[in-house]
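Novice:
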Amino acid sequence: MSQFAINLLFVGASFALYIGIAIWARAGSTKDFYVAGGGVHPITNGMATAADWMSAASFISMAGLLASGGYANSSFLMGWTGGYVILAMLLAPYLRKFGKFTVPDFIGDRFYSNAARLVAVICLIVASVTYVIGQMTGAGVAFSRFLEVSNTWGIWIAAFIVFLYAVFGGMKGITYTQVAQYVVLIIAYTIPAVFIAFQLTGNPIPMFGMFSTHTESGVPLLQKLDDVVVALGFRDYTADVDNKLNMVLFTLSLMVGTAGLPHVIIRFFTVPKVADARWSAGWALVFIALLYLTAPAVGSMARLNLMTTVYPEMTGQVEDYEAASSEPILYEDRPDWIRTWEETGLITFNDLNNDGRIQLYNDANPEFAETAEARGWAGNELSVNNDILVLANPEIANLPSWVIGLIAAGGIAAALSTAAGLLLAISSAISHDLIKTMINPKISEKGEMLAARISMGGAILLATYLGLNPPGFAAQTVALAFGIAGASLFPALMMGIFSKRVNNKGAVAGMLTGLILTLLYIFTYLGWFFIPGTNMLANTPDNWILGISPLSFGAVGAIFNFAVAFAVSSATEEPPQEIQDLVESVRYPKGAGTAIDH
Amino acid sequence: MAEEKTDSTGYWKANVRLITGCLIVWAFVSYGCAILFRPLLSGIPVGGTDLGFWFAQQGSILTFIVLIFFYAWKMNKLDQKFGLGE
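Shown next, in the form of structure tokens:
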């Protein structure tokens, strides 16, 4: 069977499964549609949350980020997992006790203000829409690479599948498809990693293999990797960073952003009890960690594999790295996987010095320039897109073709599961918070369901359009989505639970301060609304205030949000008694019942 | 009524204390061991690199998992003790 047929079989089978679930889990009420009926088992919800959370970026890009950045990019690992600790302790159980359907629901009721509700709705929509663009383009890339369809067709197919189970099943359909998607993506991620870890270290468990001995050279794998990359002018893989403040703030921004992202929070509204929300957060992190503990192993091993493929002399025990690093392979002798990926344009070779060999080194390092010149090298000749590491893993490790089919299904599962969660967050904010609560409170249950389905359909069309015509800022999603969620939504939610004193004026002023400051800081360096050329300062560390990058500013915005909210609240009147009673009631699990309609 | 009030205040205080303790550990492993104190831990070798690197790429995540389950378990006991569970 050809590779194409195998890929088609795997992806087709996974789609059949998702559609089957969609037919089985149709939503009969708004409660089904928004919170899957409120009866999801905490372990099931943990698995669904893991798939909801792990996007195309986690599945495809993270190992590549770690491979290229080494230690310095550990922030992604800690930030995207540490957020669950604060979510489990500071938000999830109390919001579950509150017992309504959406995040703006809580903000609007707790701060007895439709202005606060509206700010929350806008933050939610902007964060979720920017996030969903990346999922659609990710699905498009996976389709075009593995199923030989055009990018455009890939995005339309993805949209159609999501439409089927999200519009009919709402949260109920999404929950159970996410469980299936988690299983597909974790198997797809783990199998090639196990083989590669075993080949390089003899230890089949990637997270242990990463810290074991590299079989062929007899030295620890990470030390071997350091030696190899340094010999070619790169930074040590494990090198410490100079700007610790920025690393701390970046990690913190990712954590508060994770805890404040509405599509993650609403998953915890689906479990039956407050205690279940706590357990469920733990299970979610277990399922996420299965991938996040494997990712750094995949990153480091793939980097080593790439370097030793190009410089075979460096593979085993090396006496003299100076000599071993001067002998790259001939372009003609490159392995098949490089040939395959060259066709996609994600690996490119440009023989600058016309010697027929592949020079892969750090040509931006002035200290290495002399060595390179002495060897007759005229610049780095091989550019490898970070995103291919995971996708190319099975080919690098010479695994059978069914593993490649599995990776295709896994990448698509990761993109679709996150897209569906985001689309639900967007459509429930429109149908529930805007239409039902603010515009037409008299709308019937049936009418609200219809509104929810129509807004879901509209959101899918918008996401498809943006996936087909990605705006220039698609790559800046991380800064924007996490900045907004961390600087505006997270502090408002936390203060709503932990302070009885913060009132409507304080909350609105705080959210707007956090949001506007963060946006201003991001736009100053990345351009107004990300339009290239409109940035007021070049995006370089020298220009950043105190060395804080725009990506790290969400945490600073959050601090300003807290400060302003407390200052304004203490200068104005206390919240009314019934609001203080509401805060009191969300703090105690007793009497939660199931999610209530209103 | 008065007694119930004291009880629930005690419950909330115990919860906040527990959260504070857990978040100190949370910050210590990630911002401490993995980032700020990494130079101090560089003398402790782990598989070809140092303890700080291990905390940054694996140790923190493992600690986070333990923290959440520990918190959920303690809170369940607290819910029962104060009779506030469901």
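Line by line, the protein sequences give chains A and B. Per this note's numbering, the first sequence starts with residue -13, numbered consecutively. Per this note's numbering, the second sequence starts with residue 23, numbered consecutively. Where a beta carbon is used, it is the ideal one built from N, C-alpha and C, also for glycine. Computed from a prediction, not measured in an experiment: that's the story for all the values here.
Quick check: what's the CA-CA separation for SER114 (chain A) versus LEU452 (chain A)?
Specialist: The count along the first sequence starts at 1 and reaches residue 114 (chain A) at position 128. The count along the first sequence starts at 1 and reaches residue 452 (chain A) at position 466. Each residue's Cα considered, the two are about 13 Å apart.
Novice: Can you round the beta-carbon distance between GLY94 (chain A) and ALA106 (chain A) to whole angstroms, since I take them to be within the 8 Å contact cut?
Specialist: If you number the first sequence from 1, residue 94 (chain A) lands on position 108. If you number the first sequence from 1, residue 106 (chain A) lands on position 120. At roughly 7 Å, the Cβ-Cβ gap stays under 8 Å, so GLY94 (chain A) and ALA106 (chain A) are in contact.
Novice: Quick one: what does DSSP say HIS584 (chain A) is sitting in, helix, strand or coil?
Specialist: As a working mapping, residue 584 (chain A) is identified with position 598 in the first sequence. Confidence at HIS584 (chain A) is low in this model, with a pLDDT of 44, below 50, so its placement is unreliable and no value can be given for it.
Novice: Do you know how far the Cα of MET300 (chain A) is from the Cα of THR35 (chain A)?
Specialist: Your numbering for residue 35 (chain A) matches position 49 in the first sequence. Your numbering for residue 300 (chain A) matches position 314 in the first sequence. Those two C-alpha atoms are separated by around 42 Å.
Novice: Going by beta-carbon coordinates alone, are TYR347 (chain A) and SER286 (chain A) separated by less than 8 Å?
Specialist: Counting from one through the first sequence, the residue named residue 347 (chain A) turns up at place 361. Counting from one through the first sequence, the residue named residue 286 (chain A) turns up at place 300. Not a contact, by the Cβ cut-off of 8 Å.
Novice: Grab me the residues of VAL408 (chain A)'s own chain with a C-beta within less than 6 Å of its C-beta, minus the 5 sequence neighbours each way, in chain order.
Specialist: Along the first sequence, one-based indexing puts residue 408 (chain A) at 422. Reading the sequence as shown, one finds Leu at residue 408 (chain A) and not Val. Excluding sequence neighbours, LEU408 (chain A) sits near SER114, TYR117, VAL118 and HIS249.
Novice: What's the C-alpha gap between LYS432 (chain A) and PHE184 (chain A)?
Specialist: What you label residue 432 (chain A) is simply residue 446 of the first sequence in a count that begins at 1. What you label residue 184 (chain A) is simply residue 198 of the first sequence in a count that begins at 1. Between LYS432 (chain A) and PHE184 (chain A), the C-alpha separation is close to 56 Å.
Novice: Around the C-beta of GLU434 (chain A), are 16 or more other C-beta atoms found within 10 angstroms, so that it is buried, or is it exposed?
Specialist: By one-based count along the first sequence, residue 434 (chain A) stands at place 448. With 16 or more other Cβ atoms within 10 Å, it is buried.
Novice: Residues of chain B with a CB under 9 Å from the CB of ARG253 (chain A): which are they?
Specialist: Within the first sequence, numbered from 1, the residue matching residue 253 (chain A) stands at position 267. Going along chain B, no residue has its Cβ under 9 Å from ARG253 (chain A), so there is no contact; the nearest lies around 15 Å.
Novice: Across which residues does DSSP place ARG343 (chain A) in a beta bridge pair?
Specialist: Counted from its first residue, the first sequence places residue 343 (chain A) at position 357. DSSP, once it has assigned bridges, lists A:LEU316 as partnering ARG343 (chain A).
Novice: When you compare the CB positions of LEU277 (chain A) and TYR175 (chain A), do they come within less than 8 Å of one another, or not?
Specialist: What you label residue 277 (chain A) is simply residue 291 of the first sequence in a count that begins at 1. What you label residue 175 (chain A) is simply residue 189 of the first sequence in a count that begins at 1. Taking 8 Å as the Cβ cut-off, LEU277 (chain A) and TYR175 (chain A) qualify as a contacting pair.
Novice: Taking the alpha-carbon of VAL242 (chain A) as reference, which of A:THR67, A:ALA53, A:SER556 and A:VAL494 has the nearest alpha-carbon?
Specialist: Counting from 1 along the first sequence, the entry for residue 242 (chain A) is found at position 256. Ranking A:THR67, A:ALA53, A:SER556 and A:VAL494 by Cα distance to VAL242 (chain A) puts A:THR67 first.
Novice: Suppose the cutoff is 8 Å on Cβ atoms and the five residues either side in sequence are ignored; what does the same chain contact list for LEU235 (chain A) look like?
Specialist: The residue you call residue 235 (chain A) lines up with position 249 of the first sequence. Once the five neighbours on either side are set aside, the close Cβ partners of LEU235 (chain A) are ILE534, SER538, PHE539, ALA541 and VAL542.
Novice: Could you tell me whether the region 330 to 342 of chain A touches the region 360 to 368 of chain A, using the rule of 3 or more Cβ pairs below 8 Å?
Specialist: yes
Novice: Looking at C-alpha atoms only, which residue of A:GLY55, A:VAL153 and A:MET(-13) is the closest neighbour of SER441 (chain A)?
Specialist: The residue given as residue 441 (chain A) occupies position 455 in the first sequence. Ranking the options by Cα distance to SER441 (chain A), first place goes to A:VAL153.
Novice: PHE255 (chain A) and ARG82 (chain A) - do their beta-carbons sit closer together than 8 Å?
Specialist: By 1-based counting over the first sequence, the position of residue 82 (chain A) is 96. By 1-based counting over the first sequence, the position of residue 255 (chain A) is 269. Yes; because the gap between Cβ atoms is below 8 Å, this pair is in contact.
Novice: Below 8 Å on the Cβ atoms is my contact criterion, and I expect MET497 (chain A) with PHE548 (chain A) to pass it. Report the Cβ-Cβ distance as a whole number of Å.
Specialist: The residue given as residue 497 (chain A) occupies position 511 in the first sequence. The residue given as residue 548 (chain A) occupies position 562 in the first sequence. At roughly 11 Å, the Cβ-Cβ gap does not stay under 8 Å, so MET497 (chain A) and PHE548 (chain A) are not in contact.
Novice: Counting only the same chain and skipping the five closest in sequence on each side, list residues whose C-beta sits under 6 Å from that of LEU505 (chain A).
Specialist: Sequence index remark: in the first sequence, residue 505 (chain A) carries index 519 (1-based). There are no such residues.
Novice: Where are the alpha helix (DSSP H) runs, 4 residues long or more, that stay fully inside the region 355 to 408 of chain A, in chain order?
Specialist: Complete alpha helix (DSSP H) runs here, min 4: 374 to 382.
Novice: Counting only C-beta atoms, is ASP567 (chain A) closer than 8 Å to chain B at any point?
Specialist: Along the first sequence, one-based indexing puts residue 567 (chain A) at 581. Not closer than 8 Å to any Cβ of chain B, the Cβ of ASP567 (chain A) fails to qualify, so no.
Novice: Inspect the beta-carbon positions of ASN426 (chain A) and SER47 (chain A) and report whether they are closer than 8 Å.
Specialist: Residue mapping note: residue 426 (chain A) aligns to position 440 of the first sequence, counting from 1. Residue mapping note: residue 47 (chain A) aligns to position 61 of the first sequence, counting from 1. With a cutoff of 8 Å on beta-carbon distance, ASN426 (chain A) and SER47 (chain A) are scored as not near each other.
Novice: According to the Cβ coordinates, are VAL554 (chain A) and SER99 (chain A) closer than 8 Å?
Specialist: Here residue 554 (chain A) corresponds to residue number 568 of the first sequence, with the count starting at 1. Here residue 99 (chain A) corresponds to residue number 113 of the first sequence, with the count starting at 1. In this structure, SER99 (chain A) does not lie closer than 8 Å to VAL554 (chain A) by Cβ.
Novice: Using a Cβ-Cβ distance cut-off of 8 Å, determine whether PHE50 (chain B) contacts chain A.
Specialist: Here residue 50 (chain B) is taken as the residue at index 28 of the second sequence, counted from 1. Using a Cβ-Cβ cut-off of 8 Å, PHE50 (chain B) does not count as an interface residue toward chain A, since no Cβ of chain A sits closer than that to its own.
Novice: Is any beta-carbon of chain B found at less than 8 Å from that of VAL165 (chain A)?
Specialist: Within the first sequence, residue 165 (chain A) is the residue found at index 179, counting from 1. It does not: the Cβ of VAL165 (chain A) has no partner Cβ on chain B nearer than 8 Å.
Novice: Check whether the region 53 to 63 of chain A touches the region 380 to 388 of chain A, taking contact to mean three or more Cβ pairs, one atom from each stretch, closer than 8 Å.
Specialist: The region 53 to 63 of chain A, when compared against the region 380 to 388 of chain A, does not touch it at the 8 Å Cβ threshold.
Novice: Can you list the alpha helix (DSSP H) stretches of 4 or more residues lying completely in the region 198 to 261 of chain A, in chain order?
Specialist: 207 to 217, 230 to 246 and 248 to 251
Novice: Find out if the Cβ-Cβ distance for the pair GLY492 (chain A), PHE546 (chain A) is shorter than 8 Å.
Specialist: Here residue 492 (chain A) refers to the residue found at position 506 of the first sequence. Here residue 546 (chain A) refers to the residue found at position 560 of the first sequence. The answer is no: Cβ separation not under 8 Å.
Novice: Can you check which of these residues, B:SER64, B:PHE75, B:LEU106 and B:TRP48, is closest to THR85 (chain B) by C-alpha distance?
Specialist: Residue 85 (chain B) sits at position 63 when you count from the first residue of the second sequence. Comparing Cα positions, the closest option is B:TRP48.
Novice: Starting from the Cα of THR450 (chain A), find the closest Cα among A:LEU211, A:GLY55 and A:ALA144 and give me that residue.
Specialist: One-based indexing of the first sequence puts residue 450 (chain A) at position 464. Of all alpha-carbon atoms in A:LEU211, A:GLY55 and A:ALA144, the one lying nearest the alpha-carbon of THR450 (chain A) is that of A:ALA144.
Novice: What do you get for ALA270 (chain A), buried or exposed, if any count of 16 or more other CB atoms within 10 angstroms of its CB means buried?
Specialist: Your numbering for residue 270 (chain A) matches position 284 in the first sequence. Per the 10 Å Cβ criterion, buried.
Novice: Beta-carbon within less than 7 Å of SER54 (chain A)'s beta-carbon, same chain only, minus the 5 sequence neighbours each way: which residues are those?
Specialist: Numbered from 1 along the first sequence, position 68 holds the residue referred to as residue 54 (chain A). Here the set comprises ASN372.
Novice: With distances taken between CB atoms, is the gap from ALA8 (chain A) to LEU150 (chain A) smaller than 8 Å?
Specialist: As a first step, residue 8 (chain A) must be located in the first sequence, where it is residue number 22. As a first step, residue 150 (chain A) must be located in the first sequence, where it is residue number 164. Yes, the pair counts as a contact, with Cβ atoms nearer than the cut-off.
Novice: Do you know how far the Cα of ILE517 (chain A) is from the Cα of THR123 (chain A)?
Specialist: For the purposes of this step, residue 123 (chain A) is taken as the residue at position 137 of the first sequence. For the purposes of this step, residue 517 (chain A) is taken as the residue at position 531 of the first sequence. About 20 Å.
Novice: Distance cutoff 8 Å, beta carbons only. Does MET586 (chain A) sit that close to anything in chain B?
Specialist: Because residue 586 (chain A) is not part of the residues shown, which for chain A are -13 to 584, the question remains open.
Novice: Would you decide whether PHE(-10) (chain A) is buried or exposed? Buried here means 16 or more other CB atoms lie within 10 Å of its CB.
Specialist: Position 4 of the first sequence holds residue -10 (chain A). Exposed, since its Cβ has fewer than 16 Cβ neighbours within 10 Å.
Novice: Helix, strand or coil for VAL284 (chain A)? Go by DSSP, reduced to three states.
Specialist: Your numbering for residue 284 (chain A) matches position 298 in the first sequence. Helix, per DSSP.
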